[in-house]
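So the sequence lines, in the order shown, correspond to chains L and S. Just so we're aligned, residue 500 is where the first sequence starts under the numbering used here, counting upward by one. Just so we're aligned, residue -15 is where the second sequence starts under the numbering used here, counting upward by one. In this text, a Cβ means the ideal position worked out from N, Cα and C, and glycines have one as well.
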Amino acid sequence: RKEVEQDPGPFNVPEGATVAFNCTYSNSASQSFFWYRQDCRKEPKLLMSVYSSGNEDGRFTAQLNRASQYISLLIRDSKLSDSATYLCVVNRDDKIIFGKGTRLHILP
Amino acid sequence: NAGVTQTPKFRVLKTGQSMTLLCAQDMNHEYMYWYRQDPGMGLRLIHYSVGEGTTAKGEVPDGYNVSRLKKQNFLLGLESAAPSQTSVYFCASRGEVPPSYNEQFFGPGTRLTVL
C-alpha cells in the first residue's frame, strides 16, 4: 500500500461547480499535511497547509481527519484557472511524501 | 530573491554519457531534495540533504550521485546515462524552522532525454 494515496482523476467539472478531493495516508506518525498545486509542465507550488481544525483560504477549504487518516480539499465556485494537478503531501520526520496527484479539468 | 534555480533547463544525452544537474537556492535553507517525475508515477525522491556536507538516499537512488559541498548548492550526477533516466528532474529546498520548515520550494525543473 502506498503511504499517500489519491484518486488520479481526471475530475471534469463545469465552471462554477464545487469539487472535493480526498487523500489517505497510511502512517499514523505523519506530522504535517499540505496540498500542492502543479500546472502542466511546471513545478509544484504550495497551495495550503492542512490543520486539524480545518482551514480556509478564499474558495479553498482543507480538512484533516487524523482518526481516519485522510485529508480533503474543497474548491468552491471553481474557475477555469483552477485546472491543474493537486498533490497531497505528508511530512514525517525529515521525509516528505507526495501523492501522485489528482487531475482537475474545469470545463467552460 | 531568485528562490530555487536549476541548470540546465533541457538536455539530451546519449546512452553512457555523463552529466551534472545543478540546483542553487538563495534562501539559506538547510534541506535540499532531488526528485524525478514521470507520467503516472508522481514525484519520486532520488536523494536529499539535511545540511551542508550531508546526503542521503531517497526512494530511487540507483544510477545517481549527489554532493552538497556548499549549503546553497545541491548537485545531481548521472555517471552513465540510461534511457530509463529520461524524466523531468525537480530540485526543492526547505528551511529548518517554521514557517519555511513546512513549505518546499521547487525549482522550474530540468527536462532530460536519454537516447
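- At least one C-beta of chain L is nearer than 7 Å to the C-beta of S:P92.
- For S:Q21, the enclosing beta strand (DSSP E) covers residues 15 to 22.
- L:L586 and L:Y535 have their C-alpha atoms roughly 5 Å apart.
- Each residue's CA atom was taken as its position, placing S:F(-6) and S:C75 some 14 Å apart.
- For S:G61, not one C-beta of chain L is nearer than 7 Å to its own C-beta.
- Chain L has no Cβ within less than 7 Å of the Cβ of S:F(-6).
- In the pairwise beta carbon analysis, the segment 562 to 577 of chain L is classified as not touching the segment 35 to 43 of chain S: fewer than three pairs are separated by under 8 Å.
- S:Q88 reaches chain L at F533, Y535, P543, L545, V588, I595, counting residues in chain order whose Cβ is nearer than 9 Å.
- Taking 7 Å as the threshold, the shortest C-beta distance from L:K501 to chain S does not fall below it.
- Distance from the Cα of S:L96 is smallest, within the candidate group S:E63, S:L(-3), S:H13, for S:L(-3).
- Ranked by Cα distance from L:V588, the first of S:S71, S:T70, S:N86 is S:N86.
- Under the three-state reduction of DSSP, L:P513 is assigned to strand.
- The contact set of L:G553 on chain S, defined by CB atoms closer than 9 Å, is empty, because the minimum CB distance reaches about 17 Å.
- With the rule of 3 Cβ pairs closer than 8 Å, the segment 3 to 13 of chain S does not count as touching the segment 537 to 549 of chain L.
- Considering only beta carbons, the part of the segment 34 to 53 of chain S lying closer than 7 Å to chain L consists of V34, in chain order.
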